[in-house]
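Structure first, commentary second.
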Amino acid sequence: MMRLPSSLTTRLALAYGLATAAILVSVAAYLSSALSAQLEGRDESELVSEVLLVRHLLREVRSEAEIRADTHRFADIAMGHEGLILVVRTRQGEPLVTLNPRNEAVPPLRVLPASTQPDKDMLQTWHPRNGVPSRGIAALGQLGDSDKAVEIVVLRDAGYRVALIREYRYRLLWATLCGAAVAAGLGFVLARRGLRPLRRMATDAAAVTTSRLATRLDVGSAPAELRELAAALNDMLARLQDSFSRLSEFSADLAHDFRTPISNLIGQTQVTLAQSRGVAEYEALLESNLEEYERLARMIENMLFLARADHAQVALGVRTLDAREELDRMAEYFEAVAADRDVALAVGGHALVQADKTLLRRAVTNLLDNALRHAPAGTTVRLDATRIPAPGGGATTSIRVSNAGPAIPPETLPHIFGRFYRADPSRRNSATSTGLGLAIVDTIMRLHGGSVTVRSLDGETVFSLQFPADGAAAAQAPARVA
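So the numbering used here is basically just the index in the sequence shown, starting at one, shifted up by 37.
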């Protein structure tokens, strides 16, 4: 199988050449056919005209002897007519005038009466020595005013016409080939010039590096056909820049969060090993180290979950759940923690939700843990489940977790679902928080095709989980901030 050239310019040039060749071949075939038909029609008209002319000349003679004596009058008729054969003979077949340069055998033809006006429909086919089908006609012609008649035979050897058409087609073929070659050459030049903006775009794209992710392609100067591509590439570069920035921030935060427990482990161990200690001191060191190990384990587990979710490796077991029942169980689980912090828990609403049971509990648990850590003593943390009719039919399920307390600053809201992001710059809660809880909630909701939103006004913060009616996992979408 023949492979196409890898160069788009060459492909376009070949396409131009082939298209031109196809057009020229079609035109040449039409012209050749038209010329052949025109020549054939002209020959047939000349055959009829020759018969009429010979009849006219025969009207001017009185006898067969006069024809023999003045044959040049008839010979002049055939001059300038290539392939024309003229025979005038008596009724008995005795030749009077014979103009047959190639000595072709005169075929027997049906003879038209003298009173019949010849036309093209009366022409008959015969075959000369070259085998080319030719046309001819035979008719009687009266001598003068007498009743005596002679036989007129007019033939036209079509071999000359076939040779002429063959030569004509040969020239057309060369003209077609030359035209296709010229079209391919011009097409190459035009395609190369036309693809110059694409090469310039490729050069600009090649200049994009990790240190120049802010570079964008010039959409305004691009041709209309390439603007959509340039805009799509710019959008891709913007996404890459955003992802790279978040990855850089994530790497920095990850290094910071791993450094703290590791530094604690190293420092406490070095201090303890600096001199002999008692069993109680070693036990205290091990307990402290265990807390740091557990924190590192939680961070690694959360990071592995996020990595699997990013690569669509988390399998969802979506089913219909009683949202109120799930909220009651989680409230019961956190009841002791809430009591230690002098915070009450309240559960309200009734709704069914299409969700993965384990992931639903993990998302609500993260929000509830976050609410209990920020709720002032003596306040109430609420968990509510409601069913909200959707505009296009069906309904969505909303699970809200709300707590009283200081409002989250507006400039912080767009970032709280980022990984390792903490609204507290001092990170005073770093010992108990990994900074991945809300990022995991956002990922879980995107896996379900839903979303998580936050509203923090007038001393109350409300996180809402919006589950779609069918519960199907859809393409990931960024979390919205209300």
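For each residue, glycine too, the CB sits at the ideal point set by N, CA and C. None of the values given here were measured: they were computed from a predicted structure.
Following the DSSP letters along the chain, one finds residue 113 inside the alpha helix (DSSP H) bounded by residues 109 to 115. Assignment of residue 502 by DSSP, reduced to helix, strand and coil, places it in the strand class. Residue 150 places its beta carbon less than 8 angstroms from that of residue 177. The Cβ atoms of residue 46 and residue 263 lie no closer than 8 angstroms to each other.
When only Cα atoms are considered, residue 164 and residue 171 end up about 6 angstroms apart. Of all alpha-carbon atoms in 272, 244, 119, 304, the one lying nearest the alpha-carbon of residue 196 is that of 119. Taking a C-beta distance under 8 angstroms as the contact criterion, residue 73 and residue 202 qualify as a contact pair.
Around residue 209, the same chain offers 65 as residues with beta carbons nearer than 6 angstroms, after the five sequence neighbours per side are excluded. Comparing alpha carbon positions, the residue from 353, 376, 131 closest to residue 186 is 131. The straight-line gap separating the alpha-carbon atoms of residue 71 and residue 117 is approximately 23 angstroms. Under the three-state reduction of DSSP output, residue 354 falls in the coil class, being neither helix nor strand. DSSP places residue 179 in the strand class (E or B) of the three-state scheme. Around the Cβ of residue 435, a 10 Å sphere holds 16 or more other Cβ atoms; the residue is buried.
Cα atoms of residue 341 and residue 398: separation of roughly 18 angstroms, rounded to the nearest angstrom. Fully enclosed beta strand (DSSP E) runs of no fewer than 3 residues occupy 381 to 385, 389 to 393, 417 to 426, 432 to 441 of the segment 379 to 453, in order along the chain. Closest in alpha carbon position to residue 156, among 328, 169, 80, is 80. Contact check between the segment 213 to 229 and the segment 91 to 98: fewer than three CB pairs, one atom from each, fall below 8 angstroms, which does not count as touching.
Taking C-alpha positions only, residue 112 is separated from residue 205 by approximately 30 angstroms.
A distance below 8 angstroms separates the beta carbons of residue 379 and residue 415. A direct Cα-Cα distance of roughly 15 angstroms separates residue 501 from residue 451. Leaving aside the five residues that flank residue 333 on each side, the residues in its chain whose CB is nearer than 6 angstroms to its CB run, in chain order, 298.
With the rule of 3 Cβ pairs closer than 8 angstroms, the segment 481 to 495 counts as touching the segment 441 to 451. If you draw a 10 Å sphere on the C-beta of residue 184, you find fewer than 16 other C-beta atoms in it, and that means exposed.
Looking at 102, 138, 192, 147, the one whose alpha-carbon comes closest to that of residue 83 is 192.
Cα atoms of residue 255 and residue 224: separation of roughly 27 angstroms, rounded to the nearest angstrom. For the 8 angstroms CB-CB criterion, residue 441 and residue 412 form a contact.
Ranked by Cα distance from residue 146, the options 302, 153, 174, 169 are led by 174. For residue 481, same chain residues with a beta-carbon under 7 angstroms away, outside a window of 5 residues either side, are 396, 399, 400 in chain order. In the structure shown, residue 489 falls within a strand segment according to DSSP collapsed to helix, strand and coil.
Take the alpha-carbon of residue 109 and the one of residue 123: they are about 12 angstroms apart. Residue 136 and residue 179 have their C-alpha atoms some 20 angstroms from each other. The beta carbon of residue 126 lies closer than 7 angstroms to those of 132, 133, 187, 188 in the same chain, with the five residues before and after it left out.
Residue 75: not part of any beta strand (DSSP E); member of the alpha helix (DSSP H) spanning 45 to 95, first to last residue. Looking at 361, 373, 369, the one whose alpha-carbon comes closest to that of residue 424 is 361. Sorting 503, 498, 473, 475 by C-alpha distance to the C-alpha of residue 485 places 503 at the top. For residue 253, same chain residues with a beta-carbon under 7 angstroms away, outside a window of 5 residues either side, are 271, 274 in chain order.
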